[in-house]
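**Student:** One structure follows; several queries about it will come next.
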Amino acid sequence: MFEYAPAPESRSVVRLQPAYGLFVGGEFVDPTDGGSFTSINPASEEVLAEVAAGGVGDVDRAVRAARTAYDRVWGPMPGRDRAKYLFRIARLIQERSRELAVLESLDNGKPIKESRDVDLPLVAAHFFYYAGWADKLDHAGFGPGPRPLGVAAQIIPWNFPLLMLAWKIAPALATGNTVVLKPAETTSLTALLFAEICQQADLPAGVVNIVTGAGETGRALVEHHDVDKVAFTGSTEVGKAIARAVAGTDTKLTLELGGKAANIVFDDAPVDQAVEGIVNGIFFNQGHVCCAGSRLLLQESVADQVLASLRRRMALLRVGDPLDKNTDIGAINSAAQLARIRELADAGTAEGTQRWSPPCELPERGFWFAPTIFTGVIQAHRIAREEIFGPVLSVLTFRTPAEAVEKANNTPYGLSAGVWTEKGSRMLWLADRLRAGVVWANTFNKFDPTSPFGGYQESGYGREGGRHGLEAYLNV
Amino acid sequence: MTATAMSARSDLTELGRSETALRAFLHGLPGVDQVGAEQRAAQLGTRSIKATAKAWAIDLAIRMVDLTTLEGADTPGKVRALAAKALRPDPADPSCPHVGAVCVYPSMVPYVAEVLRGPAGGAGPAGAAAAPAGAGVVHLASVATAFPSGQAPLEVKLADTRAAVAAGADEIDMVINRSAFLTGQYQEVYDEIVAVREASGPAHLKVILETGELSTYDNVRRASWLAMLAGADFIKTSTGKVPAAATPPVTLVMLEAVRDFRAATGRQVGVKPAGGIKTTKDAIRYLVLVNETVGADWLDPDWFRFGASSLLNDLLMQRTKLTTGDYAGPDHFTRD
Chain D
317 MFEYAPAPES
327 RSVVRLQPAY
337 GLFVGGEFVD
347 PTDGGSFTSI
357 NPASEEVLAE
367 VAAGGVGDVD
377 RAVRAARTAY
387 DRVWGPMPGR
397 DRAKYLFRIA
407 RLIQERSREL
417 AVLESLDNGK
427 PIKESRDVDL
437 PLVAAHFFYY
447 AGWADKLDHA
457 GFGPGPRPLG
467 VAAQIIPWNF
477 PLLMLAWKIA
487 PALATGNTVV
497 LKPAETTSLT
507 ALLFAEICQQ
517 ADLPAGVVNI
527 VTGAGETGRA
537 LVEHHDVDKV
547 AFTGSTEVGK
557 AIARAVAGTD
567 TKLTLELGGK
577 AANIVFDDAP
587 VDQAVEGIVN
597 GIFFNQGHVC
607 CAGSRLLLQE
617 SVADQVLASL
627 RRRMALLRVG
637 DPLDKNTDIG
647 AINSAAQLAR
657 IRELADAGTA
667 EGTQRWSPPC
677 ELPERGFWFA
687 PTIFTGVIQA
697 HRIAREEIFG
707 PVLSVLTFRT
717 PAEAVEKANN
727 TPYGLSAGVW
737 TEKGSRMLWL
747 ADRLRAGVVW
757 ANTFNKFDPT
767 SPFGGYQESG
777 YGREGGRHGL
787 EAYLNV
Chain Z
5 MTATAMSARS
15 DLTELGRSET
25 ALRAFLHGLP
35 GVDQVGAEQR
45 AAQLGTRSIK
55 ATAKAWAIDL
65 AIRMVDLTTL
75 EGADTPGKVR
85 ALAAKALRPD
95 PADPSCPHVG
105 AVCVYPSMVP
115 YVAEVLRGPA
125 GGAGPAGAAA
135 APAGAGVVHL
145 ASVATAFPSG
155 QAPLEVKLAD
165 TRAAVAAGAD
175 EIDMVINRSA
185 FLTGQYQEVY
195 DEIVAVREAS
205 GPAHLKVILE
215 TGELSTYDNV
225 RRASWLAMLA
235 GADFIKTSTG
245 KVPAAATPPV
255 TLVMLEAVRD
265 FRAATGRQVG
275 VKPAGGIKTT
285 KDAIRYLVLV
295 NETVGADWLD
305 PDWFRFGASS
315 LLNDLLMQRT
325 KLTTGDYAGP
335 DHFTRD
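Chains as they are written, first to last, in my numbering: chain D, 317 to 792; chain Z, 5 to 340.
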């Protein structure tokens, strides 16, 4: 047996402060009317730091700082000068990427190999990409001289804390807006480290403001009368509430919400790579991925064979310490999320499906859930309809391409889909018919700053990334 | 196991009797997605193997080395030195294991045999007293069949093979007929392997696919199955004589093939990447690939080998580093 010895990434590169204030007007300040909460390491439940909870007054102060910066500095600044700041931020992210990656894994629970090899390279790439647009907006296809909106309120989720920050802040700043960003309450720390990077880059005060806190802080931000734009990534439930809150106002809104993506495997698929794609589709980032391939649709003629390969592959997944460089699956982000995953998985068992997990030892402390598949699932089961947002895969079967399309589209969501076939014509035929913002061909969970990302139906509206991502922050 | 393989399980042995059946089978194997295969190999390349795991892997890798010299300039003196090194790679450390095999041209086999097995009629290898006890033998591999191009009449290839076995080789590394393979004449490739298999007698047969000349992963998978169906004991990536030698994704595809072949037939076949594997880091990446593709059954010199020459010294340097904590300079290791 080839036993890999522990290979932990060093924590010493991260210097955590015991407590963090809010980042408003270019400096860290104490909240005036909010309290504080602790941020813990979900892999050990160890307290990492005390974080300020912004109240209504704090949100107001941040929005005013953003407004001032927009009016006096950032709005009037030529695009080529804004670009310099964004390029500088991108380079600083690269320089400090190890520190950011370790902190991301500590605070979020995701394996270091993902924060190091996926999250951080993409974060830097997004800033580089949008930095390039800042002085070329005249040529982005929105007519001459498109104008920024003003102050953007941005609320991001806990699954990709820094990456979602980059998706929000990079295009907003490139187009000349200023922002107030609220990170998720379980994963505030890398956003605060990003605030330090803004200081290091000499970004003018008030262009980026970070107000930490939970749902109430977010509500205060969304409902603030002086924000021109709201961008939200998170649950469909909260997204609907935000849509109601801004309805009837001039505030522009983009929402990136949940998903229940189909990953469709045909009998002529490259099987070994399809199995990798299935694993990557649902177990990447513990399944805490809005576009996760959580519904596996297998053509019946190869279902048993693919499932056998999938089980063999799942037995190799290494669950444990997120900082170990060989860990494939880290910790569930919070106790609340773990409870939700358990509840839905139990519902799956109760509905009479077959549940399977590879033998795997879970750590005693922290929040953990073994990679799990359910077979014998039908469309009517809750685990085939509701977003689980965890390492849980529902396996369904189909007989014909038409049936695959029908089942794949039979969901209120529509964020992403994957198709596995060696037949090019079939791939294109499906891509035309699948109602999903992204269709991956013989791959899954591939991201790139040049590619727009967004959903159909209850997966939200608006696009982030690429040239399309500029539109959400321009007055066009 | 592949669907095709499953349905064909009962008549896999019949395949070699018909060009049509052979073609239908090989072209019915599932495709390999190039991007996905390369991504998987790259991901496994990021595994971090440290401390005890590294020490274990280095010793295993040493035992898997087919210490190779395949030069026109090879002389009896050169290959004798190599054979001596194969028996005792690190004269300063008796706990260091011997390598898996020595691999030379047929004309050099007798000189290697002298060192490994002792003079004809003698009792045991010359280095027996020094070799670690109970560690098995160092095999004697010879390339044959008009290596590396394979562009010779079949009779010449068979004579080449018989001569190598007669001189003492217990492993034969043959090359497939790429000309026939690339023109789709699978039957011819198959029949040649069967004939060489027969000419090899008791020797183990390693079949070199020369993956750099096959160019696509689909071809690598087909050639792997073709070789296994024809009776290969091992499938080997490369001769080391064309620029594109062993790569992790090519080896991954071949490992998947031996895994599926065993599931279909019950027979286990070994894998040997060769060429371009120079460092301990490279070797450990391959061992990770083996571990996470086919598992522990293949983590043994009987089932996985490295065709390499300079790799051994790097393994020895890293081994010394782990034991003593210091890097010794390259001059502290023998160059043969």
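All residues carry an ideal CB built from backbone N, CA and C; glycine is no exception. Owing to the predicted nature of the structure, the values given are computational and were not obtained by experimental measurement.
(1) Determine the chain Z residues that contact D/Thr-759 at a beta-carbon separation under 9 Å, and present them in chain order.
(2) Going along chain Z, which residues have a C-beta under 7 Å from D/Ala-586?
(3) Quick check: what's the CA-CA separation for D/Gln-589 versus Z/Asp-37?
(4) To the nearest whole angstrom, what separates the beta carbons of D/Ala-720 and D/Ile-580, a pair I think is in contact under 8 Å?
(5) DSSP three-state label for Z/Asp-340, please.
(6) Might you give, ordered along the chain, the residues of its own chain that have their beta carbon closer than 6 Å to the beta carbon of D/Val-389, omitting 5 neighbours on each side?
(7) If the cut is a Cβ gap below 7 Å, which residues of chain D does Z/Lys-54 touch?
(8) Would you list the residues sitting across from Z/Gly-274 in a DSSP beta bridge?
(9) Apart from the five residues on each side of it in sequence, which residues of its chain come closer than 6 Å, Cβ to Cβ, to D/Val-792?
(10) Considering only their Cβ atoms, is the gap separating D/Gly-575 from D/Ser-421 smaller than 8 Å?
(11) Can you check which of these residues, D/Ala-585, D/Ala-399, D/Lys-429, D/Gly-550, is closest to D/Asp-644 by C-alpha distance?
(12) Within this structure, are the beta carbons of D/Ala-718 and D/Ser-710 separated by less than 8 Å?
(13) Could you tell me how far apart the beta carbons of Z/Lys-275 and Z/Phe-310 are, in whole angstroms, since I believe they sit closer than 8 Å?
(14) Give the DSSP bridge partners of Z/Met-232, in chain order.
(15) Taking D/His-442 as part of the alpha helix (DSSP H), name the residues at either end of that continuous run.
(16) Once DSSP output is grouped into helix, strand and coil, what is the label at D/Ile-356?
(17) Have a look at the DSSP bridge pairing and note the partners of D/Val-546.
(18) Starting from Z/Ala-148, find everything on chain D with Cβ-Cβ shorter than 8 Å and list it in chain order.
(19) Rank Z/Ala-65, Z/Thr-72, Z/Asp-94 by C-alpha distance to the C-alpha of Z/Asn-295 and give the top, closest one.
(20) Within 8 Å of any Cβ in chain Z, is that where the Cβ of D/Ala-378 sits?
(21) Beta-carbon of D/Met-317 versus every beta-carbon of chain Z: anything under 8 Å?
(22) Going by the DSSP bridge assignment, what does Z/Val-103 pair with across the sheet?
(23) Return the residue from the list D/Val-467, D/Gln-670, D/Ala-557, D/Thr-502 that minimises the CA-CA distance to D/Val-543.
(24) Rounded to a whole number of angstroms, what is the C-alpha to C-alpha distance between D/Glu-512 and Z/Tyr-331?
(25) Is D/Asn-579 close to chain Z? Criterion is C-beta to C-beta, closer than 8 Å.
(26) So, with DSSP's three-state summary, where would you put D/Val-708?
(27) Is the distance from the Cβ of D/Val-527 to the Cβ of D/Lys-498 below 8 Å?
(28) Classify Z/Ser-52: buried if its beta carbon has 16 or more other beta carbons within 10 angstroms, exposed otherwise.
(29) Since Z/Leu-33 and Z/Leu-26 should fall inside the 8 Å C-beta cutoff, what is the C-beta to C-beta distance between them, to a whole number of angstroms?
(30) Please name the residue or residues paired with D/Pro-324 in a DSSP beta bridge.
(31) Would you list the one or two residues that DSSP bridges to Z/Phe-310?
(32) Counting contacts by CB-CB distance shorter than 8 Å, is Z/Leu-291 in contact with chain D?
(33) Can you give me the Cβ contacts of Z/Leu-158 inside the same chain, cut-off strictly under 7 Å, excluding the 5 residues immediately before and after it?
(34) Examine chain D for any beta-carbon lying closer than 8 Å to the beta-carbon of Z/Leu-303, and answer yes or no.
(35) Runs of 3 residues minimum, wholly inside the stretch 163 to 208 of chain Z: which ones carry the beta strand (DSSP E) assignment?
(36) Hey, could you find the ends of the beta strand (DSSP E) D/Thr-384 is sitting in?
**Tutor:** On the basis of the supplied data:
(1) Asp-37, Val-39, Gly-40, Gln-43
(2) It is Pro, not Ala, that sits at residue 586 of chain D in the sequence shown. Under the 7 Å cutoff, chain Z gives Pro-34, Gly-35, Val-36, Asp-37, Gly-40.
(3) 6 Å
(4) 5 Å
(5) coil
(6) Pro-520
(7) Ala-321, Ala-323
(8) Z/Phe-238
(9) Phe-458, Pro-462
(10) no
(11) D/Lys-429
(12) no
(13) As written in the sequence, residue 275 of chain Z is Val, which differs from the Lys given in the question. Z/Val-275 to Z/Phe-310, Cβ: 10 Å. No contact.
(14) Its beta-bridge partners do not exist; DSSP assigns none.
(15) 436 to 449
(16) strand
(17) D/Ala-469, D/Leu-569
(18) Here the premise fails: no neighbours, minimum Cβ distance about 32 Å.
(19) Z/Ala-65
(20) no
(21) yes
(22) The partner list for Z/Val-103 (beta bridge, DSSP) is empty, contrary to what the question assumes.
(23) D/Val-467
(24) 41 Å
(25) no
(26) strand
(27) yes
(28) buried
(29) About 12 Å; that fails the 8 Å criterion.
(30) D/Asp-640
(31) Z/Val-69
(32) yes
(33) Glu-196, Ala-199
(34) yes
(35) 175 to 179
(36) Segment 372 to 385 is the alpha helix (DSSP H) holding D/Thr-384; no beta strand (DSSP E) there.
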